[in-house]
Amino acid sequence: MIQFRNVSKEFQTKAGNVQGLDGVSLHIEKGDIFGIIGMSGAGKSTFIRSVNYLERPTGGEVLIDGVNLAECSEKELREIRKDIGMIFQHFNLLMQKNVLDNVCFSLKIAGVKDKEAKERARELLKIVGLSDKEKAYPSQLSGGQKQRVAIARAIANNPKILLCDEATSALDPQTTKAVLELLKQINRDLGITIVVVTHEMSVVQEICDKVAILDEGHLVETGNVETIFAAPKSAQAKRLILGNGNTMEQMHGKHCIRIVFKENSSYEPVIGNMTLQFKTPVNILYANTRDLNGTAAGEMILQLPEERETAEKMIQYLKERRLSVEEVDEDVFSGSN
Amino acid sequence: MFSAEVISMLQQGFWETIYMTLASTALGYLLGLPLGITLAVTDKEGICPNRVVYRILDIVSNIIRSIPFLILLILVIPLTRALVGKSYGSSATIVPLVIAAAPFIARMVESSLKEVDAGVIEAARSMGAGPWTIIFKVLLVEARTSLIVGTTIALGTILGYSAMAGVVGGGGLGDIAIRYGYYRYESDIMIVTIIILVLIVQVLQALGMMLSKRLDRRNK
Numbered sequence: 154m155i156q157f158r159n160v161s162k163e164f165q166t167k168a169g170n171v172q173g174l175d176g177v178s179l180h181i182e183k184g185d186i187f188g189i190i191g192m193s194g195a196g197k198s199t200f201i202r203s204v205n206y207l208e209r210p211t212g213g214e215v216l217i218d219g220v221n222l223a224e225c226s227e228k229e230l231r232e233i234r235k236d237i238g239m240i241f242q243h244f245n246l247l248m249q250k251n252v253l254d255n256v257c258f259s260l261k262i263a264g265v266k267d268k269e270a271k272e273r274a275r276e277l278l279k280i281v282g283l284s285d286k287e288k289a290y291p292s293q294l295s296g297g298q299k300q301r302v303a304i305a306r307a308i309a310n311n312p313k314i315l316l317c318d319e320a321t322s323a324l325d326p327q328t329t330k331a332v333l334e335l336l337k338q339i340n341r342d343l344g345i346t347i348v349v350v351t352h353e354m355s356v357v358q359e360i361c362d363k364v365a366i367l368d369e370g371h372l373v374e375t376g377n378v379e380t381i382f383a384a385p386k387s388a389q390a391k392r393l394i395l396g397n398g399n400t401m402e403q404m405h406g407k408h409c410i411r412i413v414f415k416e417n418s419s420y421e422p423v424i425g426n427m428t429l430q431f432k433t434p435v436n437i438l439y440a441n442t443r444d445l446n447g448t449a450a451g452e453m454i455l456q457l458p459e460e461r462e463t464a465e466k467m468i469q470y471l472k473e474r475r476l477s478v479e480e481v482d483e484d485v486f487s488g489s490n
Numbered sequence: 340m341f342s343a344e345v346i347s348m349l350q351q352g353f354w355e356t357i358y359m360t361l362a363s364t365a366l367g368y369l370l371g372l373p374l375g376i377t378l379a380v381t382d383k384e385g386i387c388p389n390r391v392v393y394r395i396l397d398i399v400s401n402i403i404r405s406i407p408f409l410i411l412l413i414l415v416i417p418l419t420r421a422l423v424g425k426s427y428g429s430s431a432t433i434v435p436l437v438i439a440a441a442p443f444i445a446r447m448v449e450s451s452l453k454e455v456d457a458g459v460i461e462a463a464r465s466m467g468a469g470p471w472t473i474i475f476k477v478l479l480v481e482a483r484t485s486l487i488v489g490t491t492i493a494l495g496t497i498l499g500y501s502a503m504a505g506v507v508g509g510g511g512l513g514d515i516a517i518r519y520g521y522y523r524y525e526s527d528i529m530i531v532t533i534i535i536l537v538l539i540v541q542v543l544q545a546l547g548m549m550l551s552k553r554l555d556r557r558n559k
């Protein structure tokens with residue numbers, strides 16, 4: 154559906170050339186909810202704008218359903234964009250138009266007649282749960298409501314793809330959850346392929362099937378969300394999954410391990426049993442459990458006793474209980490401080 | 340206080356001033372609006388960047404704006420004669436007024452359009468909107484309030500210019516103020532014309548602000 158072949162984008166700035174994307178190859182399949190995650194400046198924004206050619210890559214090829222965008226004229230690109238909806242961090246609604254007219258806007262660009270556009274817009278507002286707000290202006294709506302209007306506008310022309318550029322970054326956690334739920338529903342009911350760009354791991358975990366990790370314009374890791382979450386390979390992936398900032402600063406001690414719980418083991422008091430058996434306490438530095446597409450999963454960072462032998466045995470004990478265990482090396486943290 | 344003659348003269352002056360101001364502003368927008376749109380669109384941050392077009396319009400509008408109006412008034416007399424048939428009177432004054440107002444209006448239109456959130460323009464592009472759609476359905480709509488405020492300012496400025504045209508017999512209240520106040524030392528008539536001018540500006544300003552506020556959907 155969406156294919157990136159060795160895509161690069163170089164920006165010319167006064168301070169010299171900046172590489173926004175560097176040889177990114179990626180395949181996003183129909184029906185996927187695909188997450189692109191990375192720190193700010195990683196090239197996420199450039200990536201998502203290359204999908205609909207709002208930004209023209211300086212190298213490589215972008216193919217949408219086999220059509221090479223580089224070979225399209227500006228007019229052809231406009232036609233292709235009508236099949237690719239997009240929503241934004243700051244919603245980008247027309248502030249001088251009411252909710253109904255905002256939704257009609259994309260329909261009219263696609264050449265839908267006034268009366269039909271209004272009918273269709275009302276249908277869409279029903280889908281996003283804003284039927285009672287059609288006469289309201291964006292300034293009268295909350296952030297979550299504005300994003301719902303933007304979603305209605307983006308899917309109005311029955312696009313094949315929906316691009317979400319940090320779509321929940323300006324929203325509070327509850328609203329984020331509701332908006333993500335809506336996106337999931339759209340993906341499920343309408344079969345729209347969704348590409349989500351975010352800097353928040355929780356967003357990826359909440360809705361994505363697959364994820365790609367971008368760092369300084371490079372694609373460092375890609376795969377199923379569950380696989381990458383359970384066993385991140387690259388340093389960048391570890392940093393994103395473990396989070397960064399304050400919680401990590403206290404974890405500089407030796408013998409730190411990260412364990413990941415899977416559904417079968419999260420009901421058993423593994424850590425409690427372990428300390429009872431070894432009669433040695435462990436220090437829980439960080440713990441987090443989340444709902445991963447319906448299955449419970451969690452992670453924990455433990456500081457094991459200084460004594461090497463006990464520590465080794467503990468790791469053995471945890472591994473026997475089918476937990477994924479990895480030693481947390483210090484460079485994971487030093488990069489994030 | 341004044342004779343019927345003076346009162347009818349002031350009345351005539353009032354209507355001449357209104358006529359000059361409104362006609363010049365309307366014609367000024369006829370030229371200035373497309374010019375301003377072109378400036379905003381061809382700017383390097385615009386939707387169709389074009390360095391050459393931008394630079395040419397930029398320089399031309401700066402040149403015209405840097406000529407003092409009084410000089411411009413005299414400078415364009417041959418053109419005025421060719422267009423109107425005479426170089427004095429309120430209809431003749433409209434010619435230099437439009438020439439002075441157009442680049443000024445263009446600049447205000449340009450700055451209003453540049454205030455439009457780049458994100459909204461990007462959203463329109465992502466929906467497959469072309470440049471014309473963006474200009475008419477996004478830029479002019481979203482900048483509506485700012486454009487109306489700009490028109491209010493333009494009206495006030497053009498009114499001021501029209502009064503200046505009195506020096507060369509341009510008609511209107513400014514003409515009366517100069518003839519009676521400056522040449523004949525009848526300062527009472529001059530003061531009345533000034534009061535009328537001030538009132539016109541106040542009313543135009545109030546109307547413009549009210550309209551722009553009424554039409555703004557951002558703060559309801």
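Residue numbers (this note's numbering), protein chains in the order written: chain A, 154 to 490; chain B, 340 to 559. Quick reminder that beta carbons are idealized off the backbone N, C-alpha and C, glycines included.
Is it right to say residue i is buried, meaning 16 or more other beta carbons lie within 10 angstroms of its own, or is it exposed?
| i | result |
| --- | --- |
| Q327 (chain A) | exposed |
| V391 (chain B) | exposed |
| S347 (chain B) | exposed |
| L174 (chain A) | buried |
| G238 (chain A) | buried |
| F414 (chain A) | buried |
| C361 (chain A) | buried |
| S342 (chain B) | exposed |
| Q469 (chain A) | exposed |
| R231 (chain A) | buried |
| K472 (chain A) | exposed |
| I262 (chain A) | buried |
| E227 (chain A) | exposed |
In the DSSP assignment, the alpha helix (DSSP H) including residue i goes from what residue to what residue?
| i | result |
| --- | --- |
| T377 (chain B) | A343 to T381 |
| F382 (chain A) | V378 to A383 |
| C387 (chain B) | C387 (chain B) -> no alpha helix (DSSP H), and no H or E assigned at all. |
| M239 (chain A) | First-last for M239 (chain A): I237 to I240, but that is the beta strand (DSSP E), not the alpha helix (DSSP H). |
| L338 (chain A) | Per the sequence shown, residue 338 (chain A) should be read as Gln rather than Leu. From DSSP, the alpha helix (DSSP H) with Q338 (chain A) extends over P326 to L343. |
| G143 (chain A) | With chain A represented from 154 up to 490, any question about residue 143 (chain A) goes unanswered, as that position is not in the structure. |
| R231 (chain A) | E227 to R234 |
| K279 (chain A) | D267 to I280 |
| T257 (chain A) | According to the sequence as given, residue 257 (chain A) is Cys; it is not Thr. Where C257 (chain A) is concerned, the enclosing alpha helix (DSSP H) stretches over V252 to I262. |
| G499 (chain B) | R483 to M503 |
| D514 (chain B) | G511 to I515 |
Kindly list the residues whose CB is nearer than 8 Å to the CB of residue i, restricted to its own chain and excluding five residues on each side of it in sequence; keep chain order.
| i | result |
| --- | --- |
| L324 (chain A) | G296, G297, Q300 and V332 |
| V415 (chain B) | V434, P435 and I438 |
| D484 (chain A) | Any answer about D484 (chain A) is weak, because its pLDDT of 43 lies below 50 and its placement is not dependable; what the coordinates show is given next. The answer, listed in chain order, is A388. |
| A468 (chain B) | K476 and V477 |
| L554 (chain B) | R483, T484 and I487 |
Check this for me: beta carbons of residue i and residue j, under 7 Å apart or not?
| i | j | result |
| --- | --- | --- |
| A421 (chain B) | V455 (chain B) | no |
| L476 (chain A) | I424 (chain A) | no |
| V252 (chain A) | K279 (chain A) | no |
| S363 (chain B) | A445 (chain B) | no |
| E449 (chain B) | A493 (chain B) | no |
| T346 (chain A) | K183 (chain A) | yes |
| L393 (chain A) | I190 (chain A) | yes |
| I201 (chain A) | V350 (chain A) | yes |
| Y522 (chain B) | I528 (chain B) | no |
| I381 (chain A) | A320 (chain A) | no |
| I473 (chain B) | A463 (chain B) | yes |
| V480 (chain B) | Q249 (chain A) | yes |
| G509 (chain B) | I517 (chain B) | no |
Note the first and the last residue of the continuous beta strand (DSSP E) segment covering residue i.
| i | result |
| --- | --- |
| T351 (chain A) | T346 to T351 |
| L293 (chain A) | Note that residue 293 (chain A) is Gln in the sequence shown here, rather than Leu. No beta strand (DSSP E) holds Q293 (chain A); DSSP gives it neither H nor E. |
| F157 (chain A) | I155 to T166 |
Between residue i and the rest of its own chain, which residues show a CB-CB distance below 6 Å, the 5 nearest in sequence each way excluded?
| i | result |
| --- | --- |
| K162 (chain A) | G173, L174, T199, P210 and T211 |
| V171 (chain A) | F164 |
| L366 (chain B) | V437 |
Closer than 7 Å by C-beta to residue i: which residues in its own chain qualify, once you throw out the five before and the five after it? Chain order, please.
| i | result |
| --- | --- |
| A384 (chain A) | S477 |
| F353 (chain B) | L512 and I535 |
| S193 (chain A) | H352 |
Shorter than 7 Å from the beta carbon of residue i to some beta carbon of chain C?
| i | result |
| --- | --- |
| L283 (chain A) | No chain C is part of this structure, whose protein chains are labelled A and B. |
Could you run through the region 461–483 of chain B and flag, in chain order, every residue whose CB is less than 8 Å away from some CB of chain A?
-> E461, A462, A463, R464, S465, M466, G467, A468, G469, T472, K476, V477, V480, E481 and R483
Would you list, in chain order, the members of the region 335–347 of chain A that have their beta-carbon closer than 9 Å to a beta-carbon of chain B?
-> none
Along the region 377–389 of chain B, what residues have a CB closer than 8 Å to any CB found in chain A?
-> none
Taking a Cβ distance cut-off of 7 Å, strictly less, list which residues of the region 499–525 of chain B are near chain A, in chain order.
-> none
Along the region 440–461 of chain B, what residues have a CB closer than 8 Å to any CB found in chain A?
-> D456, G458, V459 and E461
Check each residue of the region 238–259 of chain A: if its Cβ is closer than 9 Å to any Cβ of chain B, include it; give the result in chain order.
-> G238, M239, I240, F241, Q242, H243, F244, N245, L246, L247, M248, Q249, K250, N251, F258 and S259
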